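Protein sequence lines correspond, in order, to chains A and B. All residue numbers for the first sequence refer to this note's numbering, where the first residue is 864 and numbers rise by one. All residue numbers for the second sequence refer to this note's numbering, where the first residue is 864 and numbers rise by one. See below for the structure under consideration.
Number of protein chains: 2
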Amino acid sequence: MRLRDNRAGDGFGVLLKTAGMQLIQIYQCFCDPTRLRILHLLSRSSLCVCHFQDILAEPQVKISKHLAYLRAREMVEVERRGNWMIYSLPEKPKRELETNLKCLQDCVQSDPIFKRDLRALAKLRTKCNEPSGALVGR
Amino acid sequence: MRLRDNRAGDGFGVLLKTAGMQLIQIYQCFCDPTRLRILHLLSRSSLCVCHFQDILAEPQVKISKHLAYLRAREMVEVERRGNWMIYSLPEKPKRELETNLKCLQDCVQSDPIFKRDLRALAKLRTKCNEPSGALVGR
DNA sequence: TGAACGTATCCCTATACGAGTATATAGATC
DNA sequence: GATCTATATACTCGTATAGGGATACGTTCA
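Following this line, the structure appears as structure tokens:
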């Protein structure tokens, strides 16, 4: 990660713990398509890795690594249920994250890919109820 | 830039021209502190490179390169006035950019660094009116 | 206990990025 | 045309990142 230090005296090191730095991390998480789709889905429902694999049609490694990236930056939380790892948005998301997730919803509501993802999510809900506890709608 | 190709069939290549891709580019621009501060300032005023140097207290190369980065992704526009290059937000910003800039304003309004930047901008306005045409408030 | 399953991690490669130094460019002024 | 000023670009280095293949891990179930 690039939690920038202040070697060059860029006047921004101070910002490590401020809203500004929170923001940088949020934008870093948002700037990859896979992660953006993951977060978008998570604002509708808790999901486990295999759900993401299914909906996004991406290999497990890729999903898993992006989820790790998000976890490291506290954008998502995990809970194990048997073999499944259930990912959710934080119980109490920071204000900046909430604001930006709303902004995201707003921006992608007519985008074909994101719409397709939501449709795939809905489909998944009808045909699959494993593991219980995931796929809980918001 | 990482205008991702679709080699791996990630189902996202399609998105190159959609709102989603616009978004990715926006977030890529937003995920560096210097660029974030630049954009934040630009939503108040058109500015030239030396203004940024002054306000952000960063070396010219750094500023210039981040502005080039933003320019390449059409987040800012430039106009030459004599020796000065005056940077502004796009005349007609895309909806996603506008939305996210508003979101940014909202998120940083109480952040010390961004507040300091605005104070520095105000100060600049009182003491300096070169080049004319820059420092025009919004 | 061992196999199956869902998931995470390791290793490797290619590319992007941020920052700095030095240099180039373009317009203004003399 | 020489020079000054404001800005941009080239080059280089170190690091972050995305992706894939192979494998390790933890849980469940036979």
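A virtual CB, placed ideally from N, CA and C, is assigned to each residue, including glycine. Remember, it's a predicted structure, so these values are computed and weren't measured experimentally.
For residue i, return the contacting residues in chain B, with the cut-off set at a CB-CB distance below 7 Å.
i: F893(A); result: Y890
i: E937(A); result: Result: empty, since nearest Cβ-Cβ is about 16 Å, beyond 7 Å.
How would you label residue i, buried or exposed, when you count the other beta carbons within 10 angstroms and need 16 or more for buried?
i: L984(A); result: buried
i: P896(B); result: buried
i: V924(B); result: exposed
i: D969(B); result: exposed
i: P922(A); result: exposed
i: G945(A); result: exposed
i: R943(A); result: exposed
i: E954(B); result: exposed
i: Q1011(A); result: No statement about residue 1011(A) is possible, as the shown extent of chain A runs from 864 to 1001 and does not include it.
i: M884(B); result: buried
Along chain B, which residues have their Cβ under 8 Å away from the Cβ of residue i?
i: A882(A); result: C970, V971, S973, D974
Would you give the residue range spanned by the beta strand (DSSP E) that residue i belongs to?
i: S951(B); result: 947 to 951
i: V941(B); result: 940 to 944
Kindly list, in the order they appear in chain A, the residues whose Cβ is closer than 8 Å to that of residue i.
i: F977(B); result: G883
i: E959(B); result: C970
Could you give the residue range of the alpha helix (DSSP H) that holds residue i?
i: E961(A); result: 958 to 971
i: T897(B); result: 896 to 905
i: K978(A); result: 975 to 990
i: Q923(A); result: 923 to 935
i: Q888(B); result: 882 to 893
i: I918(B); result: 912 to 919
With residue i and residue j assumed to form a contact (beta carbons below 8 Å), what rounded beta-carbon distance in angstroms separates them?
i: S906(A); j: L964(A); result: 5 Å
i: I1003(A); j: L904(A); result: The displayed coordinates of chain A run from 864 to 1001. Any statement about residue 1003(A) would go beyond what the structure contains.
i: F977(B); j: R898(B); result: F977(B) to R898(B), Cβ: 13 Å. No contact.
i: H929(A); j: L987(A); result: With 8 Å as the limit, H929(A) and L987(A) do not qualify as a contact, their Cβ atoms being about 19 Å apart.
i: R934(B); j: C892(B); result: So it is not a contact: roughly 10 Å between Cβ atoms.
i: T962(A); j: C966(B); result: 6 Å
i: V941(B); j: L952(B); result: Not really, about 11 Å apart at Cβ, beyond 8 Å.
Name, please, each residue of chain A whose Cβ falls closer than 7 Å to the Cβ of residue i.
i: N963(B); result: C966
Nearest to residue i by CA position, among the options, is which residue?
i: A920(A); options: R979(A), C892(A), K990(A), R988(A); result: R979(A)
i: L981(A); options: L902(A), M884(A), Q885(A); result: L902(A)
i: I889(A); options: M948(A), E959(A), V941(A); result: E959(A)
i: I949(B); options: A882(B), P956(B), L886(B), V912(B); result: V912(B)
i: A882(A); options: S951(A), V939(A), K957(A); result: K957(A)
i: Q916(B); options: D974(B), M884(B), P975(B), W947(B); result: W947(B)
Can you list the residues of chain B that residue i reaches, using a CB-CB cut of under 9 Å?
i: I887(A); result: F893, C894, D895, P896, L899
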